[in-house]
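Worksheet: the structure to be examined is printed underneath.
Residue numbers (UniProt numbering): 1 to 76.
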């Protein structure tokens with residue numbers, strides 16, 4: 001009796017071919033591996049910094065007066 005392969009789609013068990021099953025799980029394992037590599041290398045996505053919808057405002061360093069630096073550099 002041949003082995004049957006199933007995947008769950010929207011909570012429903014769906015019968016699939018062995019090839020589809022293996023491709024699906026290969027991709028899942030690859031994604032898991034990439035996440036582990038990202039975590040190991042301390043990768044941080046910019047989207048994770050956008051907590052309040054004002055990403056650009058969160059990047060601004062209020063301790064540095066960029067306009068003053070540019071004006072000074074233009075005089076030199």
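In this text, a Cβ means the ideal position worked out from N, Cα and C, and glycines have one as well.
Query                                                                                                                         : Result
Spatial neighbours of residue 72 in its chain, beta-carbon cut-off 6 Å, leaving aside the 5 residues before and after         : none
Where residue 28 falls: helix, strand or coil (DSSP)                                                                          : helix
Helix, strand or coil at residue 43 [DSSP, three-state]                                                                       : coil
Three-state secondary structure assigned by DSSP to residue 3                                                                 : coil
Cut-off 8 Å between Cβ atoms - residues of its own chain near residue 8, not counting five sequence neighbours on either side : 14
Supposed close pair residue 33, residue 21 - CB separation, criterion 8 Å                                                     : That pair is no contact at about 19 Å.
Range covered by the alpha helix (DSSP H) that runs through residue 66                                                        : 66-75
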